[in-house]
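Protein chains: 2
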Amino acid sequence: MATLKDIARVLNLSITQVSRALNDHSDVNEETRLRVKDTARAMNYHPNASARKLVSGRSGMVGLVVPQHRKIGQDSIFLEVVAGLSTQFSGRGMQFVLHMMAEHEPALPVYQRLIGKALLDGFVLIDPQDQDPRIDFLRKSGIAFVVHGRCGKIIDYPYFDIENEQLAYDLTTHLASRGHRRIAFLNGLAGRSYVTVREGGYRRAVQDAGVENLPHLHINGEMDEATGLTDTVRLFTGDAPRPTAIVCGNVRLARGVFEALAALGLSVPGDVSVVAHDDELPGLRASAFFPALTVTKSPLRDSWEPLADCLAGAIEGKPLGTLQRLGRYVFIERKSVATVLPSKSASNR
Amino acid sequence: MATLKDIARVLNLSITQVSRALNDHSDVNEETRLRVKDTARAMNYHPNASARKLVSGRSGMVGLVVPQHRKIGQDSIFLEVVAGLSTQFSGRGMQFVLHMMAEHEPALPVYQRLIGKALLDGFVLIDPQDQDPRIDFLRKSGIAFVVHGRCGKIIDYPYFDIENEQLAYDLTTHLASRGHRRIAFLNGLAGRSYVTVREGGYRRAVQDAGVENLPHLHINGEMDEATGLTDTVRLFTGDAPRPTAIVCGNVRLARGVFEALAALGLSVPGDVSVVAHDDELPGLRASAFFPALTVTKSPLRDSWEPLADCLAGAIEGKPLGTLQRLGRYVFIERKSVATVLPSKSASNR
DNA sequence: TATCTTTTCCGAAACGTTTCGGAACTACTC
DNA sequence: GAGTAGTTCCGAAACGTTTCGGAAAAGATA
Numbered sequence: 043m044a045t046l047k048d049i050a051r052v053l054n055l056s057i058t059q060v061s062r063a064l065n066d067h068s069d070v071n072e073e074t075r076l077r078v079k080d081t082a083r084a085m086n087y088h089p090n091a092s093a094r095k096l097v098s099g100r101s102g103m104v105g106l107v108v109p110q111h112r113k114i115g116q117d118s119i120f121l122e123v124v125a126g127l128s129t130q131f132s133g134r135g136m137q138f139v140l141h142m143m144a145e146h147e148p149a150l151p152v153y154q155r156l157i158g159k160a161l162l163d164g165f166v167l168i169d170p171q172d173q174d175p176r177i178d179f180l181r182k183s184g185i186a187f188v189v190h191g192r193c194g195k196i197i198d199y200p201y202f203d204i205e206n207e208q209l210a211y212d213l214t215t216h217l218a219s220r221g222h223r224r225i226a227f228l229n230g231l232a233g234r235s236y237v238t239v240r241e242g243g244y245r246r247a248v249q250d251a252g253v254e255n256l257p258h259l260h261i262n263g264e265m266d267e268a269t270g271l272t273d274t275v276r277l278f279t280g281d282a283p284r285p286t287a288i289v290c291g292n293v294r295l296a297r298g299v300f301e302a303l304a305a306l307g308l309s310v311p312g313d314v315s316v317v318a319h320d321d322e323l324p325g326l327r328a329s330a331f332f333p334a335l336t337v338t339k340s341p342l343r344d345s346w347e348p349l350a351d352c353l354a355g356a357i358e359g360k361p362l363g364t365l366q367r368l369g370r371y372v373f374i375e376r377k378s379v380a381t382v383l384p385s386k387s388a389s390n391r
Numbered sequence: 043m044a045t046l047k048d049i050a051r052v053l054n055l056s057i058t059q060v061s062r063a064l065n066d067h068s069d070v071n072e073e074t075r076l077r078v079k080d081t082a083r084a085m086n087y088h089p090n091a092s093a094r095k096l097v098s099g100r101s102g103m104v105g106l107v108v109p110q111h112r113k114i115g116q117d118s119i120f121l122e123v124v125a126g127l128s129t130q131f132s133g134r135g136m137q138f139v140l141h142m143m144a145e146h147e148p149a150l151p152v153y154q155r156l157i158g159k160a161l162l163d164g165f166v167l168i169d170p171q172d173q174d175p176r177i178d179f180l181r182k183s184g185i186a187f188v189v190h191g192r193c194g195k196i197i198d199y200p201y202f203d204i205e206n207e208q209l210a211y212d213l214t215t216h217l218a219s220r221g222h223r224r225i226a227f228l229n230g231l232a233g234r235s236y237v238t239v240r241e242g243g244y245r246r247a248v249q250d251a252g253v254e255n256l257p258h259l260h261i262n263g264e265m266d267e268a269t270g271l272t273d274t275v276r277l278f279t280g281d282a283p284r285p286t287a288i289v290c291g292n293v294r295l296a297r298g299v300f301e302a303l304a305a306l307g308l309s310v311p312g313d314v315s316v317v318a319h320d321d322e323l324p325g326l327r328a329s330a331f332f333p334a335l336t337v338t339k340s341p342l343r344d345s346w347e348p349l350a351d352c353l354a355g356a357i358e359g360k361p362l363g364t365l366q367r368l369g370r371y372v373f374i375e376r377k378s379v380a381t382v383l384p385s386k387s388a389s390n391r
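Protein sequences appear in the order of chains A and B.
Note that this note's numbering has the first sequence beginning at 43, numbered continuously upward.
Note that this note's numbering has the second sequence beginning at 43, numbered continuously upward.
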């Protein structure tokens, strides 16, 4: 591999000057700069990342640490995350390191080790929990990072997030405004920050609508088809007051809900109205549901670019203000919601 | 971060001796070694990977370069590959770099750049093609690599592979031995080395069975359900002589075949016998088919450990003999094959 | 002519590690 | 007591880059 020394020898220049020419420093003759860049290209020179990291502290590498889990082979969201982030960073000439932990390995020591080795410039954090210790840890280590989501009270770190509170509020309120009084919410696994935040939005909407809050209508769980199906069956077979509408945390849950309702002989939206948040998961189109599903839409795919932007910015030391971004979502009304007549909404079954 | 210098200062030793103690060299007092290791742990020292790479040439990082493609969100094999390899390397204290290329970006310059930066110790190559230029390129660059599969005539590089020729031969011969004379083979995309090799095994089996080779019965294509379905429909609706048995390149194709046959009103194995190779893809169990599918089984999941082994060995400079491994497969006979009577096999439709 | 700027260049040090070639010391052999 | 062998240590160089603090040359100003 060609080094600075090789180029310097060929051009009869000092290593210093070659380095400065390649890095566009000011005190190098324009003609020299061109000569240097040309021969660098000709000798297909690439700066040695290790040497550069050693002296400048930058390696151009970022990391993602994720726990291995049994069902990872079917976790299409994980796939989306990895493919998206990798594409983003590769496109910026950065290296993307994927570190999979053993299933229940504690995360902090892993970050500790990786930081110790000093080869990563920063981390992407996904799936933040309500009180996520990783954030504090990384903040204290002084390494750059960006969070996909927000958590905690003091949000003084780079993040990309969508307005989960408002989105849950909008979905729930949409149903309430159509006369629904008992609205179920199939939310994600408790503990995840976006799940908690969405729960807040749902609560606020229920309160604003002046509806009694029935705890059994808010359900936490895995966000897959099977969960959507079983939760729906439970909602409509017990003795508890049954909902007339369901808000689903994502489209996959909604898929399960539709199946369960069909199996129970209930029609959408005739008997039950359904809405969902739509991350645009691969192989599931809300518009192709029957009836087409009313959603708030905010493609997960749009996250990777701002996330990579923010992390790159954080590494370069840009001010925090430019590193905190919110993604947009749109409300798309389709055919899965019906208006409830006052009399019907008062009946119990 | 603690460095060798820090430890040396604390223990009143030279940097040299601390380094040698930590790396278990012979000429350091046993008691010193312990003292060094203890304080290193106490100061939570981790060797700086860049510095190490710079002088020793090893960074402990390996890379996988894959092209981005439209349907990557649903490519569960890709997911399996990434999760499997990452877990393996992370478990060995190595870093796994995932580089996604733009959709039709040429691969060689990407490898060139990555090698130039000199931060990776080696590469994992997946999806080798019949004449894969990457292999020659990496060989010439002198960097370590391991191939998932084999290709070309001179196989003088580390690889992990399964016996694709023999496996296709076994599946086809199994059907021939049950009296089938027209056996279709739904193979993968032409050009991939394992597809070509399997085609060879199929050809050999057909020849050994003394059966006429009907070109229209060997079909190349994507290995998904949709392809299995459409290919089967085509096989059973044209004027060409129809098969009495089908060999599927994987279980997902077989799924599509089963669906198509059901739609066509043909029974398995009464009207058509079906066998497949089983990589144990997530969410698809050959034993849960109805009727249960006869397969050659060789879980993809068993590839990652030997692949990582071979690459690590290649980086350490182990002899080639230990770096070329073959995975086993087992033949599992179930219920999807019937014996054909001579009279029936002679009829045309 | 002497002093000051500006432009263009360079030597040397530094980053943290590994490793080569010895040095110092002890213990043993003849 | 000289030589040999073994054990335990260390200084210095090297890897390839960036950057600090100047230096040399040329032109402008006094």
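In this text, a Cβ means the ideal position worked out from N, Cα and C, and glycines have one as well.
Please read these numbers as outputs of a predicted model, since none were measured by experiment.
Hey, which unbroken runs of the alpha helix (DSSP H) at 4 residues or more fall wholly within the segment 68-106 of chain A? 72-84, 91-98
Unbroken alpha helix (DSSP H) run spanning residue 235 of chain B, endpoints: Here the question's residue 235 of chain B lines up with position 193 in the second sequence. Counting along the chain, the alpha helix (DSSP H) containing residue 235 of chain B begins and ends at 235-250.
Could you run through the segment 134-147 of chain A and flag, in chain order, every residue whose CB is less than 9 Å away from some CB of chain B? Within the segment 134-147 of chain A, contact with chain B at the beta-carbon level (separation under 9 Å) is assigned to 135, 137, 138, 139, 140, 141, 142, 143, 144.
Where the segment 248-275 of chain B meets chain A: residues whose CB sits under 7 Å from a CB there: none
Cutting at 6 Å between CB atoms, please list the residues of its own chain near residue 381 of chain B, excluding the five before and the five after it. By 1-based counting over the second sequence, the position of residue 381 of chain B is 339. 220, 221.
Spatial distance of residue 152 of chain A from residue 139 of chain A (CA atoms): What you label residue 152 of chain A is simply residue 110 of the first sequence in a count that begins at 1. What you label residue 139 of chain A is simply residue 97 of the first sequence in a count that begins at 1. Between residue 152 of chain A and residue 139 of chain A, the C-alpha separation is close to 13 Å.
Considering only the beta carbon of each residue, do residue 266 of chain A and residue 284 of chain A sit closer than 8 Å? The sequence position of residue 266 of chain A within the first sequence is 224, counting from 1. The sequence position of residue 284 of chain A within the first sequence is 242, counting from 1. Not closer than 8 Å, so no.
Does any C-beta atom of chain B lie closer than 8 Å to the C-beta of residue 388 of chain A? The residue you call residue 388 of chain A lines up with position 346 of the first sequence. Note that residue 388 of chain A has pLDDT 44, beneath the 50 cutoff, so the model's placement of it is unreliable and the number below is only indicative. It does not: the Cβ of residue 388 of chain A has no partner Cβ on chain B nearer than 8 Å.
Using a cut-off of 8 Å between C-beta atoms, extract the partners of residue 86 of chain A located in chain B. Numbered from its first residue, the first sequence carries residue 86 of chain A at position 44. Per Cβ cutoff of 8 Å: 154, 158.
Looking at C-alpha atoms only, which residue of A:172, A:156, A:173 is the closest neighbour of residue 165 of chain A? One-based indexing of the first sequence puts residue 165 of chain A at position 123. Minimum Cα distance to residue 165 of chain A is reached at A:156.
So, does the segment 235-254 of chain B touch the segment 297-305 of chain B, judging by three or more C-beta pairs under 8 Å? With the cut-off at 8 Å, the segment 235-254 of chain B and the segment 297-305 of chain B do not touch.
State the DSSP-derived secondary structure class of residue 160 of chain B, mapped to helix, strand or coil. On the second sequence, residue 160 of chain B is found 118 positions in, with the first residue counted as 1. It is coil, neither helix nor strand.
Skipping 5 residues on each side, what residues in its chain have a beta carbon closer than 8 Å to that of residue 343 of chain A? As a working note, residue 343 of chain A is residue 301 in the first sequence. Excluding residues within five positions, the ones whose Cβ falls inside 8 Å are 122, 126, 322.
Measure from the alpha carbon of residue 338 of chain B to the alpha carbon of each residue in B:213, B:96, B:306, then state which is nearest. The residue labelled residue 338 of chain B in the question sits at position 296 within the second sequence. Selected option, being the one with the closest Cα: B:213.
Using a beta-carbon distance below 8 Å, is residue 90 of chain A in contact with chain B? Residue numbering aside, residue 90 of chain A sits at position 48 when the first sequence is read from its first letter. Yes - at least one Cβ of chain B is within 8 Å of the one on residue 90 of chain A.
Sequence-distant residues of its chain with Cβ nearer than 6 Å to residue 365 of chain B (five each side left out): By 1-based counting over the second sequence, the position of residue 365 of chain B is 323. Contacts found: 200, 352, 355, 356.
If you pair each beta-carbon of the segment 80-95 of chain B with each one of the segment 94-104 of chain A, do three or more pairs fall below 8 Å? Contact holds: three or more Cβ-Cβ distances are below 8 Å.
Indicate whether at least one CB of chain B lies closer than 8 Å to the CB of residue 52 of chain A. Locating residue 52 of chain A in the first sequence gives position 10, counting from the first residue. Chain B contact via Cβ: absent.
Where do the ends of the beta strand (DSSP E) carrying residue 201 of chain A lie? Counting from 1 along the first sequence, the entry for residue 201 of chain A is found at position 159. Here the beta strand (DSSP E) through residue 201 of chain A covers 201-204.
Roughly how many angstroms separate the alpha carbons of residue 161 of chain A and residue 184 of chain A, rounded to a whole number? Start at 1 with the first residue of the first sequence, and residue 161 of chain A comes out as number 119. Start at 1 with the first residue of the first sequence, and residue 184 of chain A comes out as number 142. Straight-line Cα distance between these residues: approximately 14 Å.
If you compare alpha carbons, which of B:112, B:228, B:181 is closest to residue 196 of chain B? Here residue 196 of chain B is taken as the residue at index 154 of the second sequence, counted from 1. Of the listed residues, the one whose Cα sits closest to residue 196 of chain B is B:181.
Could you check whether residue 63 of chain B and residue 70 of chain B sit closer than 8 Å to each other, using their CB atoms as the reference points? The sequence position of residue 70 of chain B within the second sequence is 28, counting from 1. The sequence position of residue 63 of chain B within the second sequence is 21, counting from 1. Contact: yes.
Can you tell me where the beta strand (DSSP E) with residue 140 of chain A in it begins and where it stops? Stepping through the first sequence from its first residue, residue 140 of chain A is reached at position 98. Run containing residue 140 of chain A: 137-143, per the beta strand (DSSP E) assignment.
Spatial neighbours of residue 45 of chain B within its chain, please: C-beta separation below 8 Å, excluding the five flanking residues on both sides. As a working mapping, residue 45 of chain B is identified with position 3 in the second sequence. Only 87, 90 meet the Cβ criterion.
Tell me which residues share the same chain as residue 169 of chain A and place their Cβ nearer than 7 Å to its Cβ, disregarding the 5 neighbours each side in the sequence. Here the question's residue 169 of chain A lines up with position 127 in the first sequence. Cβ within range, chain order: 234.
Identify whether residue 62 of chain B lies in helix, strand or coil by the three-state DSSP scheme. Translated into the one-based positions of the second sequence, residue 62 of chain B becomes position 20. Reduced to three states, the DSSP call for residue 62 of chain B is helix.
With DSSP as the reference, identify every bridge partner of residue 366 of chain B, one or two as the case may be. By 1-based counting over the second sequence, the position of residue 366 of chain B is 324. According to DSSP, which records beta bridges pairwise, residue 366 of chain B is partnered with B:201.
If we ignore side chains and look at the alpha-carbon of each, how far apart do residue 310 of chain B and residue 326 of chain B end up? Within the second sequence, numbered from 1, the residue matching residue 310 of chain B stands at position 268. Within the second sequence, numbered from 1, the residue matching residue 326 of chain B stands at position 284. Using only the alpha carbons, I get a separation of about 18 Å.
When you compare each of B:379, B:308, B:312 to residue 335 of chain B by their alpha carbons, which one comes out closest? The residue labelled residue 335 of chain B in the question sits at position 293 within the second sequence. That would be B:379, whose Cα lies nearest to the Cα of residue 335 of chain B.
Going by beta-carbon coordinates alone, are residue 231 of chain B and residue 270 of chain B separated by less than 8 Å? Numbered from 1 along the second sequence, position 189 holds the residue referred to as residue 231 of chain B. Numbered from 1 along the second sequence, position 228 holds the residue referred to as residue 270 of chain B. Taking 8 Å as the Cβ cut-off, residue 231 of chain B and residue 270 of chain B do not qualify as a contacting pair.
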